[in-house]
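The opening position of the sequence shown corresponds to residue 33 in our numbering, with each subsequent residue numbered one higher.
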Amino acid sequence: MTAPPDDCLARNDWICGDYLSTRRRILLDAVLEHVQLTVVSVLLGLVIALPLALLARRRRWTVGPVLGITTVLYTIPSLAMFSLLLPLYGLSATLVVAGLALYSLTLLVRNILAGLEGVPAEAKDAARGMGYGPTRQLLTVELPLALPAAMAGLRIATVSAVALTTVGAIVGHGGLGNLIYAGMNSFFKAQVLTASVLCVLIAVVFDLLLLGAERLLTPWRRARTGRPARGRGAGARRVAAAGRRP
Numbered sequence: 033m034t035a036p037p038d039d040c041l042a043r044n045d046w047i048c049g050d051y052l053s054t055r056r057r058i059l060l061d062a063v064l065e066h067v068q069l070t071v072v073s074v075l076l077g078l079v080i081a082l083p084l085a086l087l088a089r090r091r092r093w094t095v096g097p098v099l100g101i102t103t104v105l106y107t108i109p110s111l112a113m114f115s116l117l118l119p120l121y122g123l124s125a126t127l128v129v130a131g132l133a134l135y136s137l138t139l140l141v142r143n144i145l146a147g148l149e150g151v152p153a154e155a156k157d158a159a160r161g162m163g164y165g166p167t168r169q170l171l172t173v174e175l176p177l178a179l180p181a182a183m184a185g186l187r188i189a190t191v192s193a194v195a196l197t198t199v200g201a202i203v204g205h206g207g208l209g210n211l212i213y214a215g216m217n218s219f220f221k222a223q224v225l226t227a228s229v230l231c232v233l234i235a236v237v238f239d240l241l242l243l244g245a246e247r248l249l250t251p252w253r254r255a256r257t258g259r260p261a262r263g264r265g266a267g268a269r270r271v272a273a274a275g276r277r278p
């Protein structure tokens with residue numbers, strides 16, 4: 033009976049240190065592309081989602097169409113979405129970014145809108161009583177108080193984008209998805225497992241970073257202790273805290 037080879041690559045093991053040491057550059061390039069595609073697509077989605085949410089909040093008749101269209105976009109299968117965008121962008125990284133940005137809209141728009149609608153009425157009354165105009169009230173009171181809900185949507189959208197980026201492998205721009213796709217075709221166990229684990233780690237890191245950013249941007253939530261105060265005085269305190277944010 034022939035003894036099994038000593039090399040874990042030759043044995044095609046799922047866990048293989050030799051794979052990490054010999055493919056370090058390939059893994060690093062794939063991780064960097066994955067992170068870049070995720071960040072650009074989510075930022076693009078956020079740039080589009082914020083005006084849509086503000087429009088829906090200001091003109092109530094647009095809520096249905098805005099949420100309906102973004103929901104329909106989210107239900108389109110990724111392969112179909114990339115096929116629809118292919119005539120516009122070709123087989124490029126822009127194709128993947130555009131598709132991921134469209135997928136992020138439903139999560140971002142819904143959560144930003146929910147955050148804005150959840151701003152306490154007494155906080156807005158207090159802002160108007162302090163002489164805030166509509167724009168100043170939006171920027172210094174409503175958006176900061178809506179930030180927790182908006183950040184929750186951003187965290188979900190980002191983690192989803194990390195996973196969906198792998199589908200970009202069908203056009204050659206999928207970051208770690210390229211390695212997963214190639215590894216599945218050749219049944220290269222170590223490559224499939226390593227790239228999959230790295231995807232999970234990227235998602236966890238992004239989620240923790242966004243959670244930390246939320247806490248830094250909402251210091252008044254950390255400062256609150258005991259039962260929340262009620263009435264107009266509570267609204268004024270929220271306005272003052274929001275105005276003092278870093």
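Even for Gly, the Cβ is constructed at its ideal location relative to N, Cα and C.
**Report entry** Residues near Gly215 by beta carbon distance below 6 Å, same chain, minus five either side
**Finding:** Excluding residues within five positions, the ones whose Cβ falls inside 6 Å are Gln223, Val224.
Query raised in the report: From Phe220 to Thr250, what does the alpha carbon distance come to, in whole angstroms?
Result: Taking the Cα positions, Phe220 is about 46 Å away from Thr250.
Query - Val194 versus Ile234, Leu60, Val95, residue with shortest Cα-Cα distance - result: The closest CA to that of Val194, considering only Ile234, Leu60, Val95, is found on Ile234.
Report task. Measure the Cβ-Cβ separation of Ala178 and Val151 and say whether it is below 9 Å. Result -> Between Ala178 and Val151, the C-beta gap is smaller than 9 Å, which places the two residues in contact.
Query raised in the report: Is Leu52 helix, strand or coil when you go by DSSP?
Result: Residue state for Leu52 is assigned as helix, using DSSP reduced to three classes.
Requested in this report: Give a yes or no on contact between the segment 69-85 and the segment 116-134, applying the rule of three or more CB pairs nearer than 8 Å.
Outcome: Cβ pair count under 8 Å is three or more, so yes.
Query raised in the report: Near Pro180, which residues of its chain fall below 8 Å by C-beta distance, leaving aside the five closest residues on each side in sequence?
Result: Counting only Cβ-Cβ distances below 8 Å, and skipping sequence neighbours, we find Gly147, Glu246, Thr250, Arg253.
Query - Minimum length 4: unbroken alpha helix (DSSP H) runs contained in the segment 100-149 - result: Runs found: 110-121, 125-149.
Query raised in the report: Val104: which of Ala227, Pro119, Leu137, Ser124 sits nearest, CA to CA?
Result: Proximity to Val104 across Ala227, Pro119, Leu137, Ser124 peaks at Leu137, based on C-alpha coordinates.
Query raised in the report: Taking the alpha-carbon positions, what's the Ile144 to Leu60 distance?
Result: Rounded to whole angstroms, Ile144 and Leu60 show a C-alpha spacing of 34 Å.
Query raised in the report: Who are the near neighbours of Val199 in its chain, counting only those whose CB is closer than 7 Å to its CB and skipping five residues on each side?
Result: The beta carbon of Val199 lies closer than 7 Å to those of Ser110, Gly206, Gly209 in the same chain, with the five residues before and after it left out.
Requested in this report: Can you tell me which of Leu52, Tyr106, Tyr121, Gly122 puts its alpha carbon nearest to the alpha carbon of Gly77?
Outcome: With distances taken between CA atoms, Gly77 lies nearest to Tyr106 out of Leu52, Tyr106, Tyr121, Gly122.
Query raised in the report: Is Thr250 helix, strand or coil when you go by DSSP?
Result: Secondary structure of Thr250 (DSSP, three-state): coil.
Query raised in the report: Using a Cβ-Cβ cut-off of 8 Å (strictly less than) and excluding sequence neighbours within five positions of Ile47, which residues of its own chain qualify?
Result: Cβ within range, chain order: Cys40, Ala222, Leu225.
Query raised in the report: How big is the Cα-Cα spacing for Met162 and Ile80?
Result: Computed Cα separation, rounded: 31 Å.
Query raised in the report: Around the Cβ of Pro176, are there at least 16 other Cβ atoms within 10 angstroms (buried) or fewer (exposed)?
Result: So Pro176 counts as buried.
Report task. Just the C-alpha distance for Ala62 and Ala155, rounded to the nearest angstrom, thanks. Result -> For Ala62 and Ala155, the distance between alpha carbons rounds to 47 Å.
Query raised in the report: Excluding the five sequence neighbours on either side, which residues of its own chain have a C-beta within less than 8 Å of the C-beta of Ser192, listed in chain order?
Result: Hits under 8 Å: Tyr135, Ser136, Leu139.
Query - Per-residue DSSP class, three states only, for Val151 - result: Looking at Val151 - three-state DSSP - the assignment turns out to be coil, as it is neither helix nor strand.
Requested in this report: Could you pull out every unbroken alpha helix (DSSP H) segment of at least 4 residues lying fully inside the segment 206-242, listed in chain order?
Outcome: Whole alpha helix (DSSP H) segments, 4+ residues: 208-218.
Report task. Within the same chain, show all residues whose beta-carbon is closer than 7 Å to that of Ala85, passing over the 5 residues directly before and after it, in chain order. Result -> Cβ-Cβ distances below 7 Å link Ala85 to Val141, Ile144, Leu145, Leu148 in the same chain, with the five nearest sequence neighbours on each side left out; the list follows chain order.
Query raised in the report: Do Ala201 and Ile212 have their CB atoms nearer than 9 Å?
Result: Yes.
Query raised in the report: Which term fits Ala42, buried or exposed, when burial requires 16 or more other beta carbons within 10 angstroms of its beta carbon?
Result: It counts as exposed.
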